[in-house]
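Taken in sequence, the protein lines are chains X and C.
Residue numbers for the first sequence, in full-length UniProt numbering: 1 to 327.
Residue numbers for the second sequence, in full-length UniProt numbering: 1 to 320.
A virtual CB, placed ideally from N, CA and C, is assigned to each residue, including glycine.
None of the values given here were measured: they were computed from a predicted structure.
Structure record follows, encoded as structure tokens.
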Amino acid sequence: MADLLTVQDLWIEFTSKRGTVKAVNGVDFSLRKGKTTGIVGESGSGKSVTVKSIAGLLARNAKVTGGSIDFEGCNLLSLKEKQIQAIRGNKISMVFQDPNSFMNPTISVGKQVMEPLLFHSVCSRKEAKERAIDMLAQVGIPSPAVRFNEYPFEYSGGMLQRALIAMALINDPTLLIADEPTTALDVTVQAQILFLLKKMKETRDMSMILVTHDLIVAAQICDEIVVMYGGMVVERAETQTFLKRRAHPYSIGLLASTPRVDASIERLKPIEGSPPDLRGALPQGCLFAPRCPYRTERCTAERPPLQQIGPNHQVACWQAESEVAVS
Amino acid sequence: MLVYVIRRVGYMIVALLALTLITFFLMKQAPGSFLTINIMQSGLQTSGHSSYSMDVLQEWSERYHIGEPWYMEYWGYLKGILTWDFGTSFQYPNTPIMSLLVKAFPISLGIALSSIILGLLISIPVGIFAAMRRNTWADSGAMFFSMLGTSIPAYILAVFLIMVFSLYLHWLPSMGWRDLKNYVIPVLALALPMTGSMSRYMRTSLVENLNKDYATTVIAKGGSKRDVIYRHVLRNSLIPLITIIGPHLAGMLMGTVMIEFMFGIPGMGQLFNNAAGSRDYPLIMVSTFLYTLVIMVMNLLVDIIYGLLDPRIRRSGMSD
């Protein structure tokens, strides 16, 4: 199937008073039409910055220093502000982390949900209201006509996230980017929202990128998993392959440090050390090397490229092949 | 909402009663009286007050219970205010206080309100201008001038404006009160210092809201920078601005006293100043009462507008 989105060799820097932070360092990945890709990593791994650059929502002090983002045949990074504005909220929509802070507290939820229709002059105000109410019903908000007029503070967190999803979907986007959509929610509500996202993706002609720090969440609804570390992709595989044959020491460590309900009680294995400092020049070798139990001399001297080690399975590790052989 | 307004009006009545009492005591404590200052010193005839007939003196004596305990005298004033029958003042025994007020009050309120409105009309756009170009030279420039505005008091600015517009350019009269031209310098002198702090406040409030997550959402939905400001951020930034308009208005009414004095404007400021200087008790009581009433009503209006702009207060804060 054709690729809807291709990110190639993307580099992003932040300039701050304390120097330059290299947040994204040569990220490659692609998203096939109708599929869901999960981008997984710790905070500071550059996952959120990567997806924000797709929607052109980078902070003012961030700068893309290289690479391309191809979406439906055009490079998003070469577009003018007006052109990208026509795509945002229309073909590419975003769902954010904390619904309480991403909704305007003084405007009714309904009015905010119908805004994408008005910004892109899709229909009249009256029709937009009808469509917004219909959309609220689709995402599972009871008595949507009443709740249309209510304000964010009158919604619960889960309901508000549903409304945010309705807002993102109202223009039938081809790509939905969900940036940690469940992190700020209660555990019970998390599952409902994930299920809703999955259902919404399946019932319409849409692809999705799910950004999360939780591998289990990604494994539940994604077709493909991209693991990021230090602003780089360290492993990329289809979900089933990833679960069976994950090969990067960081991916292995990430899953081992996640609590599981089904397994017998054993000690969680945290990954020792802390994420790399991305200020200033990057080290020559693999960024994960200082924390890696399989480290060799080559790892600190030379950075491993992303290599194909199986069908639809790429890993950036010198030891990957030998490890796969072991496991 | 209605319950809230009724409760607020209740507080206002209590506060006004307390205020009349305090004014009454301060007024009585001030050395001298109308008689000692105006009549005993120069004599009834020579001061031109030939109209103090026995009838007038008799009426005052009855109305204000002169010679009786203080609470009876206080009651005399209070009754006048409560029944909205203000009587006549000591200085102008033949003109009802009401007709003095009808002449002077609109002038002062007009100056104060037009200064506030002009101040808002200048500071809101300046705030938006600076916030949209935050951390650029345009922003710093606008904020520098606003700081300059804040640090110059109204009466100094008034002198400066007179020098420029009256002395050098001969565009506007330097004082007096005949037509609309007389309005310009006093209103500018009061409004400009105010724009300093208000545009700064506006800018800070806008920048704070622009940095909030919900502003990102608007962009993510396909909105433009203008959509972010005019549909979302401006309204939320006005909410804190409105809270400072109340105190500004109080300051404005006090500011007019000085400006009226400088420009010889026959407004409440002058009326009150003369009344206080000559211990014209009835006029002091009534004009103090009126000043306070206006400030309180304005503050109430500000709070109601505040509630209308913020649904969180409209739906919860005002009903409890």
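In whole angstroms, give me the CA-to-CA distance for Met64 of chain C and Leu100 of chain C.
The residue labelled residue 64 of chain C in the question sits at position 64 within the second sequence. The residue labelled residue 100 of chain C in the question sits at position 100 within the second sequence. Correcting the residue type first, residue 64 of chain C is Tyr in the shown sequence and not Met. Answer to the nearest angstrom: the Cα atoms are 20 Å apart.
Original post:
What three-state label does DSSP hand Gln284 of chain X in the structure shown?
Top reply: Along the first sequence, one-based indexing puts residue 284 of chain X at 284. Gln284 of chain X carries a coil assignment under DSSP once its states are collapsed to helix, strand and coil.
#### Entry: Candidates X:Lys126, X:Trp318, X:Glu115 and X:Gly110, of which the one nearest Ala137 of chain X by Cα
Translated into positions along the first sequence, residue 137 of chain X becomes position 137. Ranking the options by Cα distance to Ala137 of chain X, first place goes to X:Gly110.
Fill in: Residue ranges of each beta strand (DSSP E) within the region 223 to 308 of chain X, 3 or longer
The qualifying runs are 224 to 229 and 232 to 238.
Next item on the list: Determine the chain C residues that contact Leu57 of chain X at a beta-carbon separation under 9 Å, and present them in chain order.
Entry: By 1-based counting over the first sequence, the position of residue 57 of chain X is 57. Listed by position along chain C, the residues whose Cβ is nearer than 9 Å to that of Leu57 of chain X are Thr216, Ile219 and Ala220.
Buried versus exposed call for Pro31 of chain C [16 or more other C-beta atoms within 10 Å across all chains shown]: Along the second sequence, read from residue 1 onward, the residue named residue 31 of chain C stands at position 31. So Pro31 of chain C counts as exposed.
>> If the cut-off is 7 Å on Cβ atoms, which residues from the region 221 to 248 of chain C count as contacting chain X, listed in chain order?
In response: So the list reads Lys221, Gly222, Gly223, Ser224, Asp227, His232, Arg235 and Asn236, given in the order they occur along the chain.
Since Met103 of chain X sits in a beta bridge, which residues does DSSP pair it with? Locating residue 103 of chain X in the first sequence gives position 103, counting from the first residue. Met103 of chain X is bridged by DSSP to nothing; it lacks a bridge partner.
**Message:** Taking only three categories from DSSP, how would you classify Thr65 of chain X?
**Reply:** The count along the first sequence starts at 1 and reaches residue 65 of chain X at position 65. In this structure, Thr65 of chain X counts as strand in the three-state DSSP scheme.
- Query: By a C-beta neighbour count over all protein chains shown, 10 Å radius and 16 as the cutoff for buried, is His313 of chain X buried or exposed?
  - Reply: Residue mapping note: residue 313 of chain X aligns to position 313 of the first sequence, counting from 1. Taking a 10 Å sphere around the C-beta of His313 of chain X, we find 16 or more other C-beta atoms and assign the residue as buried.
**Asked** How many angstroms separate the CA atom of Tyr11 of chain C from the CA atom of Leu278 of chain X?
**Response** Along the second sequence, read from residue 1 onward, the residue named residue 11 of chain C stands at position 11. Along the first sequence, read from residue 1 onward, the residue named residue 278 of chain X stands at position 278. Each residue's Cα considered, the two are about 60 Å apart.
Along the alpha helix (DSSP H) that carries Arg32 of chain X, what are the first and last residues, could you check?
The sequence position of residue 32 of chain X within the first sequence is 32, counting from 1. Run containing Arg32 of chain X: none in the alpha helix (DSSP H); it sits in the beta strand (DSSP E), Gly19 to Arg32.
*Over the uninterrupted alpha helix (DSSP H) stretch that includes Gly76 of chain C, give me the two end residues.*
In the second sequence, counting from the first residue as 1, residue 76 of chain C sits at position 76. Note, Gly76 of chain C: alpha helix (DSSP H), Trp70 to Leu82.
Next on the checklist: Can you check whether the C-beta of Asp213 of chain C is within less than 8 Å of a C-beta belonging to chain X?
Outcome noted: On the second sequence, position 213 is the one that residue 213 of chain C refers to. Interface residue, yes.
- Task: Using DSSP bridges, identify the partner residues of Gly246 of chain C.
- Result: In the second sequence, residue 246 of chain C corresponds to position 246, counting from 1. Bridge partners of Gly246 of chain C: none, in fact.
Worksheet item: According to the neighbour-count rule (16 or more other Cβ atoms, all chains shown, within 10 Å of its Cβ), is Asp310 of chain C buried or exposed?
Response: Walking along the second sequence from the start, residue 310 of chain C turns up at place 310. The residue is buried, with at least 16 neighbouring Cβ atoms inside 10 Å.
Label Ile170 of chain X either buried or exposed according to how many other C-beta atoms from any shown protein chain fall within 10 Å of its C-beta, with 16 as the threshold for buried.
Position 170 of the first sequence, counting from 1, holds the residue named residue 170 of chain X. With 16 or more other Cβ atoms inside 10 Å of its own Cβ, Ile170 of chain X counts as buried.
What residues in its chain sit with their C-beta under 7 Å from that of Ser174 of chain C, if we drop five residues either side in the sequence? Here residue 174 of chain C is taken as the residue at index 174 of the second sequence, counted from 1. The answer, listed in chain order, is Ile162 and Ser166.
Applying a beta-carbon distance threshold of less than 9 Å, which residues of chain C neighbour Asp98 of chain X?
Position 98 of the first sequence, counted from the first residue, corresponds to residue 98 of chain X. At a C-beta separation below 9 Å, Asp98 of chain X has these neighbours in chain C: Asp213.
Self-check item: Continuous beta strand (DSSP E) stretch holding Gly14 of chain X: start and end
Solution: As a position in the first sequence, residue 14 of chain X is number 14, starting the count at 1. Checking the sequence, you will find Phe at residue 14 of chain X rather than Gly. In the DSSP assignment, Phe14 of chain X falls within the unbroken beta strand (DSSP E) covering Asp3 to Ser16.
Does the distance from the CB of Ile12 of chain X to the CB of Val49 of chain X come in under 8 Å?
-> Within the first sequence, numbered from 1, the residue matching residue 12 of chain X stands at position 12. Within the first sequence, numbered from 1, the residue matching residue 49 of chain X stands at position 49. Contact flag set, yes.
Around the C-beta of Phe119 of chain X, are 16 or more other C-beta atoms found within 10 angstroms, so that it is buried, or is it exposed? Indexing the first sequence from 1 puts residue 119 of chain X at position 119. Residue burial is scored here from C-beta neighbours: Phe119 of chain X has at least 16 other C-beta atoms within 10 angstroms and is therefore classed as buried.
Among residues of its own chain, excluding the 5 on either side of Ser197 of chain C, which ones have a beta-carbon nearer than 7 Å to its beta-carbon?
The residue labelled residue 197 of chain C in the question sits at position 197 within the second sequence. Contacts found: Thr150.
- Query: Are there 16 or more other CB atoms within 10 angstroms of the CB of Asn74 of chain X, so buried, or fewer, so exposed?
  - Reply: Counting from one through the first sequence, the residue named residue 74 of chain X turns up at place 74. It should be pointed out that residue 74 of chain X corresponds to Cys in this sequence rather than to Asn. Note on Cys74 of chain X: under 16 other CB atoms within 10 angstroms of its CB, so exposed under the neighbour-count rule.
key: Closest by C-alpha distance to Leu268 of chain X, when choosing among X:Gly253, X:Leu185, X:Leu175 and X:Ser43   = Numbered from its first residue, the first sequence carries residue 268 of chain X at position 268. Here the closest residue by C-alpha is X:Gly253.
Buried or exposed, going by whether 16 or more other CB atoms sit within 10 Å of the CB of Thr46 of chain C? As a first step, residue 46 of chain C must be located in the second sequence, where it is residue number 46. In this prediction, Thr46 of chain C scores a pLDDT of 47, lower than 50, which makes its location untrustworthy; the coordinate-derived value is nonetheless stated afterwards. Exposed, because fewer than 16 other Cβ atoms sit within 10 Å of the Cβ of Thr46 of chain C.
Any chain C beta carbon closer than 8 Å to His120 of chain X: The sequence position of residue 120 of chain X within the first sequence is 120, counting from 1. For His120 of chain X, the answer is yes, since a Cβ of chain C falls inside 8 Å of its Cβ.
Rounded to the nearest angstrom, what separates Thr241 of chain X and Arg18 of chain X at their Cα positions? The sequence position of residue 241 of chain X within the first sequence is 241, counting from 1. The sequence position of residue 18 of chain X within the first sequence is 18, counting from 1. Straight-line spacing of the CA atoms in Thr241 of chain X and Arg18 of chain X works out to 41 Å.
### Query
Leaving out the 5 sequence neighbours to the left and right, which residues in its chain are closer than 6 Å to residue 330 of chain C when beta-carbon positions are compared?
This structure gives no information on residue 330 of chain C, because the portion of chain C shown stretches from 1 to 320.
Check for me: the alpha helix (DSSP H) holding Val184 of chain C runs from which residue to which? Counting from 1 along the second sequence, the entry for residue 184 of chain C is found at position 184. Here the alpha helix (DSSP H) through Val184 of chain C covers Lys181 to Leu210.
Let's test the definition: count the other Cβ atoms within 10 Å of the Cβ of Asn135 of chain C and tell me whether it reaches 16, buried, or not, exposed. Locating residue 135 of chain C in the second sequence gives position 135, where the first residue counts as 1. Counting Cβ neighbours within 10 Å, Asn135 of chain C comes out exposed, since fewer than 16 surround it.
(Q) Which complete beta strand (DSSP E) runs does the region 124 to 206 of chain X hold, if anything under 3 residues is left out? (A) You should have 175 to 179.
Using a cut-off of 9 Å between C-beta atoms, extract the partners of Gln85 of chain X located in chain C.
For the purposes of this step, residue 85 of chain X is identified with residue 85 of the first sequence, where counting begins at 1. Those are Ile219, Gly222, Gly223 and Ser224, listed as they occur along chain C.
Cβ neighbour criterion (16 or more within 10 Å) applied to Val217 of chain X: Residue mapping note: residue 217 of chain X aligns to position 217 of the first sequence, counting from 1. Classification for Val217 of chain X: buried.
Buried or exposed by the 16-neighbour rule on C-beta atoms within 10 Å, applied to Leu169 of chain C: For this step, residue 169 of chain C is matched to residue 169 along the second sequence. By the 10 Å Cβ count, Leu169 of chain C comes out exposed.
Discussion item. Looking at the secondary structure, which residues open and close the alpha helix (DSSP H) in which Gly269 of chain C lies?
Written reply: Start at 1 with the first residue of the second sequence, and residue 269 of chain C comes out as number 269. If you look at Gly269 of chain C, you'll find it in the alpha helix (DSSP H) that goes Met268 to Gly277.
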